[in-house]
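The sequence shown: position 396 = 379 (our numbering), numbered continuously. Ideal placement from N, C-alpha and C gives every residue a C-beta, glycine not left out. Computed from a prediction, not measured in an experiment: that's the story for all the values here.
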Amino acid sequence: MFKINENYQKLPGSYLFSTIAKKVSAFTQANPDKDIIRLGIGDVTQPLAPAVIEAMHKAVDEMGKAETFHGYAPDLGYEFLRNAIAEHDYKARGCDISADEIFVSDGAKSDSANIQEIFGPDNRIAVCDPVYPVYVDSNVMSGRTGVYDAKTETWSDVIYMPCTMDNGFVPEFPKETPDMIYLCLPNNPTGTTITKAQLQEWVDYANQSGAVIIYDGAYEAYISEDDVAHSIYECQGAETCAIELKSFSKNAGFTGVRLGYTVVPKELKCKDVSLHGMWARRHGTKFNGAPYIVQRAGEAVYSPEGREQLKKQVAYYMKNASIIKAGLKDAGYTVFGGVNAPYIWLKTPGNMTSWEFFDDLLERANVVGTPGSGFGPSGEGYFRLTAFGSYENTLAAIERVKNL
Ligand SMILES: Cc1ncc(COP(=O)(O)O)c(C=O)c1O
């Protein structure tokens, strides 16, 4: 008789966003006349930039002719895209990352879930709490997290680093020494981040303790403050302790197009084993490359026109963020984030739980957000609103909240 991976049985409840979808669907069925505004899931709403569309059209035409047709892409990504990434995301920022340290993928979700498989089963992981749930869940699936305690909603073998208003949402070095440290900065869901000097302390800590940092920079394009690093490789010594994950979803609206990349520096080693070689092997065995058309679209993100157009798109969402933040503040809420990330993190009023506030907001304002507790136990008592809606919907939603 075959056996299943029992670790999957340990995963508690259903995925956060499917629970939200079920609740919203039940509400819509009961109230078909109500106009619901969704500021919950972190999905973009603006169309792809013209430069991206043009590049995709051109690539589609190439695919229609034998002379310019492209089959399987190179496992690790086309040179044209890896060079553009190395040039604009790293060289331009003074980071010593070369094109062959960049692994092109279909997005940061898969990379952030897959990266753990090149590490041994007995590594202790540390995560910020709250955080993007994929880091913990993917480690649960591979049996690295121990026993789940439903009461505290924590795993026995995971080191949680609470990030709350009490510590200004800055993770503190844990008491126990972790082997793998997940940092998501700017953070989903809190929308907050740390300074480059604070990040440098984490790099030093990892190098001294022999830990690896998995650095998820999916929201890098939204950084507006000068003292915040756009890449962990801006910190000295990061090449020997950090892997960086990046996505084209939030900076360029590729949530439905699918493109991302992971940087594994050649200097990153466990004793004398190169993680670069291991990730290359993993990629080569399990991934057949992101589509040519999509990689050409990704290249256009770095063209002068693409960069100009996407700067405007990011500004559009960040205007929404400031509308949400200012509106909630006016209405008496305690709010965080929204300066270096398209997320607003609010303290639920009157000691409501995150899910109580979710229901209340849905019932009375017909606005959908995301309960903070879905991102980890320290998210309880908080709530996330995204700036990824349209300007009009954002304005309307905030008016409704103000009028509650
Ligand atoms: C922190 C973080 N990493 C990764 C992702 C997923 O990115 P992608 O669309 O590239 O898979 C998200 C999506 O919401 C995210 O919030």
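At least three beta-carbon pairs within less than 8 Å, the region 201 to 220 to the region 170 to 183: Under the three-pair Cβ rule at 8 Å, the region 201 to 220 counts as touching the region 170 to 183.
Three-way DSSP call (helix, strand, coil) for residue 368 in this model: For the purposes of this step, residue 368 is identified with residue 385 of the sequence shown, where counting begins at 1. Correct three-state label for residue 368: strand.
Presumed contact (8 Å Cβ cut-off) between residue 244 and residue 371, rounded CB distance: Position 261 of the sequence shown, counted from the first residue, corresponds to residue 244. Position 388 of the sequence shown, counted from the first residue, corresponds to residue 371. Not quite, the Cβ-Cβ distance comes to about 21 Å (not below 8 Å), so this is no contact.
Rounded C-alpha distance that separates residue 255 from residue 218: Counting from one through the sequence shown, the residue named residue 255 turns up at place 272. Counting from one through the sequence shown, the residue named residue 218 turns up at place 235. Answer to the nearest angstrom: the Cα atoms are 23 Å apart.
Candidates 24, 138, 94, of which the one nearest residue 262 by Cα: If you number the sequence shown from 1, residue 262 lands on position 279. Closest option to residue 262, Cα to Cα, is 94.
Spatial neighbours of residue -5 in its chain, beta-carbon cut-off 7 Å, leaving aside the 5 residues before and after: Walking along the sequence shown from the start, residue -5 turns up at place 12. So the list reads 131, 133, once near-sequence residues are dropped.
Contact belief for residue 199 with residue 143 at Cβ below 8 Å, rounded distance in angstroms: Here residue 199 refers to the residue found at position 216 of the sequence shown. Here residue 143 refers to the residue found at position 160 of the sequence shown. Going by Cβ atoms, the distance from residue 199 to residue 143 rounds to 17 Å, so no, they are not a contact pair.
CB contact flag (residue 35, residue 276, <8 Å): Locating residue 35 in the sequence shown gives position 52, counting from the first residue. Locating residue 276 in the sequence shown gives position 293, counting from the first residue. No, the pair does not count as a contact, with Cβ atoms beyond the cut-off.
Whether residue 321 touches residue 308 by CB criterion (8 Å): Here residue 321 corresponds to residue number 338 of the sequence shown, with the count starting at 1. Here residue 308 corresponds to residue number 325 of the sequence shown, with the count starting at 1. Yes, the pair counts as a contact, with Cβ atoms nearer than the cut-off.
DSSP bridge partner residues for residue 354 (one or two, in chain order): Along the sequence shown, read from residue 1 onward, the residue named residue 354 stands at position 371. DSSP lists 366 as partners of residue 354.
Where residue 75 falls: helix, strand or coil (DSSP): Counting from one through the sequence shown, the residue named residue 75 turns up at place 92. In the structure shown, residue 75 sits in a helix (DSSP, three-state: H, G or I).
DSSP-derived helix/strand/coil call for residue 16: By 1-based counting over the sequence shown, the position of residue 16 is 33. Coil at residue 16, not helix or strand.
Beta-carbon spacing of residue 173, residue 27 below 8 Å: As a working mapping, residue 173 is identified with position 190 in the sequence shown. As a working mapping, residue 27 is identified with position 44 in the sequence shown. No, the pair does not count as a contact, with Cβ atoms beyond the cut-off.
Distance between beta carbons of residue 170 and residue 146, contact taken as under 8 Å: Here residue 146 refers to the residue found at position 163 of the sequence shown. Here residue 170 refers to the residue found at position 187 of the sequence shown. Between residue 170 and residue 146 the Cβ distance is about 7 Å, and since that is below 8 Å, they are a contact.
Segment contact, 8 Å Cβ cut-off, at least three pairs: the region 278 to 296 with the region 225 to 240: Touching, per the Cβ criterion.
Spatial neighbours of residue 38 in its chain, beta-carbon cut-off 7 Å, leaving aside the 5 residues before and after: For the purposes of this step, residue 38 is identified with residue 55 of the sequence shown, where counting begins at 1. Once the five neighbours on either side are set aside, the close Cβ partners of residue 38 are 279, 280, 282, 283.
Residue closest to residue 159, alpha-carbon to alpha-carbon, out of 311, 119, 109, 289: Taking the first residue of the sequence shown as position 1, residue 159 is located at position 176. Per the Cα distances, 109.
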